[in-house]
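Trainee:
Numbering (the working numbering), first residue to last: 8 to 164.
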């Protein structure tokens, strides 16, 4: 103890301790039932569930998200992602690449770009509002009008 006290007795040593930079290391956890899991122990889908709402917080920076639906279920897309999109889109530029109709349609996309691919490159096939691109959205994201109607019939809505 005497060595520690002696070492801390000089003003220079005390100043060095006072100016130690402590870098924040964020720790992201996801509540799974009653327990919290560290992000290192999460599946890819769970990681997306934990991270995407953080990315969608208010910011001045544009955000580009490529196919979030690949690892998320439709309920989470509708309840969390679409809701967050609607809240921040007036303050922030959001660009989503998606095959999920809930994101552009229920997220009230202001601009939709429909791409066509030949297998090696893509080209813009259409662009406009959700209403302008409705036919493309139904065909590409819903599986076509027949598939859309068949699901409606199957679910008895």
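We put the CB at the ideal spot given by N, CA and C, even for glycine.
The alpha helix (DSSP H) that contains residue 42, what's its start and end?
Mentor: Here residue 42 belongs to no alpha helix (DSSP H); instead the beta strand (DSSP E) covers 42 to 45.
Trainee: Less than 8 Å between the beta carbons of residue 78 and residue 52, yes or no?
Mentor: yes
Trainee: Under the rule that 16 or more other beta-carbon atoms within 10 Å means buried, what is residue 114, buried or exposed?
Mentor: With 16 or more other Cβ atoms within 10 Å, it is buried.
Trainee: Cβ atoms of residue 91 and residue 111: under 8 Å apart, would you say?
Mentor: Result no, Cβ atoms of residue 111 and residue 91 do not sit closer than 8 Å.
Trainee: Do the segment 92 to 110 and the segment 62 to 70 touch if we need at least three Cβ pairs shorter than 8 Å?
Mentor: yes
Trainee: Is the separation between the beta-carbon of residue 134 and that of residue 121 shorter than 8 Å?
Mentor: Yes, they are a contact pair.
Trainee: Hey, is residue 44's beta-carbon within less than 8 Å of any beta-carbon in chain B?
Mentor: Absent from the structure is chain B; it holds one protein chain and no more.
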